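Note sheet for the following structure.
Residue numbers (the numbering used here): 795 to 1263.
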């Protein structure tokens, strides 16, 4: 790796891998920020809380970085990729969809699919090791399809074209990010990967539009027959009582205000599926991996579950149950500190800004290196240690608010973070109520890769045994 020092705090570097970039940041930790060329794009890396705060809080850095342009064929100008006035309006519209009252409606769906996951994991009992990630990913897809679109796809039971397309598109986006020669669209579109990406996004787009048209036709039909619109949304397309899905909230807005079009609905449903699919699944997988490394933490999790659910662990979960899983929430937060689903967060400066005494020119790609930010020893002593107690209220006092940003922070923070935390707590609860988990690979032997999300190159290998109560 070649590097040359222009002046303190600013380095020209050319990392060749995730591990190499981690190494460079570690070496130049005192510099506070670094500059390098990623392909033919200049990028400034931020990995200290005080500089990260400037980036994530600044109104001059609300634009997403160039990488998000790769997603335009998929969800056009949805919440993740839109900017300016459109983003502000869309954010204002969608925020109520993630209110606690709405999340309570989603809870039975999450509970049912997590319960099925625990049942399906019986297939792996007695095996030396297995990759946990595919199981968690399919469970997450089932949850998202039903909460986002009100559509049961049975991803945990069978392959479907939509599920295959979503997995393929997510993987292809991540690999393109690491190959600068594929960034130009006119080149990428002619490659096998580019054609596969378009084919996958076309399949998903067609599926989403079909679900929207079908649901809209049902609601309009009910309204024509005299049913109140709100009442119509409480039933599925066969008239059976059900909770509102994310799509229903968008359709309600569309039917009240035609300026919010079917195209807008498609953008947001596709965005929700993309943003919540891999990130949440990987987050849950890492949490179970770390629990499987630490029997004491696992025991404390299971003691908390016994305290919350008492003699009836098979009963349906309530929102109050989820809120009471306080130690498991600490475990998830500490897992997201060590292995954040998004190891990088990208922004682009719309005007010159000054950070740590340096001028960042307009148009610069700014990268929050979440993975290394979360390993700042000033904020997290003994940073490589897995210690959920870091996130107990009394231990969090005085910590810099931008030292820990697994869901980003500031005005463009993740709108679905409460949904994600609820899903992760419910899934972990079902797995840990039914199994003892043990990780098969020590942490120092993990081979980390960062495409779109942070993964282990060989999967997350686990062993499980049924719990003896």
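Each residue gets a CB set at the ideal place from its N, CA and C atoms; glycine is no exception. Because the structure is a prediction, the values reported are computed rather than measured.
Put simply, the backbone Cα of residue 1088 is about 10 Å away from that of residue 1094. Residue environment for residue 1057: exposed (fewer than 16 other C-beta atoms within 10 angstroms of its C-beta). By the neighbour-count criterion, in which a residue is buried when 16 or more other Cβ atoms sit within 10 angstroms of its Cβ, residue 1168 is buried. Judged by DSSP secondary structure, residue 1008 falls within the alpha helix (DSSP H) whose first and last residues are 986-1018. Cβ-Cβ distances below 7 Å link residue 835 to 860 and 1159 in the same chain, with the five nearest sequence neighbours on each side left out; the list follows chain order. Rounded to whole angstroms, the gap between the alpha carbons of residue 816 and residue 1166 is 7 Å. The stretch 1135-1184 contains, as complete alpha helix (DSSP H) runs of 4+ residues, the segments 1164-1167 (chain order).
Residues 939 and 1005 of the same chain have their beta carbon placed closer than 7 Å to that of residue 945, with the five preceding and five following residues left out of the count. DSSP, reduced to helix, strand and coil, places residue 969 within a helical segment of the structure shown. With a minimum length of 4 residues, the unbroken runs of alpha helix (DSSP H) contained wholly in the stretch 898-979 fall at 927-943 and 955-971. Taking C-beta atoms under 8 Å as the contact rule, residue 1111 and residue 901 qualify, at a distance of about 6 Å. With respect to residue 1068, residue 960 sits close: the two C-beta atoms are nearer than 9 Å. Residue 837 has its alpha-carbon roughly 5 Å from the corresponding atom of residue 830. The beta carbons of residue 1085 and residue 1116 sit about 18 Å from each other, so the pair does not count as a contact at 8 Å. Residue state for residue 1202 is assigned as strand, using DSSP reduced to three classes. In this structure, residue 873 sits away from residue 1139, with a CB-CB distance that is not shorter than 9 Å.
Annotated three-state conformation of residue 1107 is coil, per DSSP.
By the CB criterion at 9 Å, residue 1135 and residue 1077 fall inside the cutoff. Taking C-beta atoms under 8 Å as the contact rule, residue 905 and residue 1220 qualify, at a distance of about 6 Å. Beta-bridge pairing by DSSP links residue 1232 to 1257. Counting along the chain, the unbroken beta strand (DSSP E) around residue 829 starts and ends at 827-832. If the five residues before and after residue 957 are omitted, its C-beta is found closer than 8 Å to the C-beta atoms of 932, 935, 947 and 949, all from its own chain and listed in chain order.
Apart from sequence neighbours up to five positions away, the residues of its chain that approach residue 1177 with a beta-carbon distance below 6 Å are 1169 and 1171, ordered along the chain. Counting C-beta pairs closer than 8 Å gives fewer than three between the stretch 1234-1242 and the stretch 1098-1108, which falls short of the contact rule. Beta bridge pairing from DSSP links residue 1248 with 1244.
When secondary structure is reduced to three states using DSSP, residue 819 falls in the helix class. Its Cα nearest to that of residue 1049, the residue 1013 stands out among 1013, 993 and 1185. Here residue 1144 is not near residue 827, since their CB atoms are 9 Å or more apart.
Ranked by Cα distance from residue 1079, the options 1254, 892, 1022 and 981 are led by 1254. Cβ atoms of residue 1163 and residue 892 stay farther apart than 8 Å, at about 27 Å.
Straight-line spacing of the CA atoms in residue 1217 and residue 1082 works out to 14 Å. Non-local beta-carbon contacts of residue 848 in its own chain, meaning distances under 6 Å to residues more than five positions away in sequence, involve 1149 in chain order.
DSSP places residue 837 inside the beta strand (DSSP E), whose first and last residues are 835-840. The beta carbons of residue 993 and residue 869 sit no closer together than 9 Å. Remark: C-beta atoms of residue 1141 and residue 857 approach each other more closely than 9 Å. Of the residues 1230, 1249 and 1236, the one whose Cα lies closest to the Cα of residue 912 is 1230.
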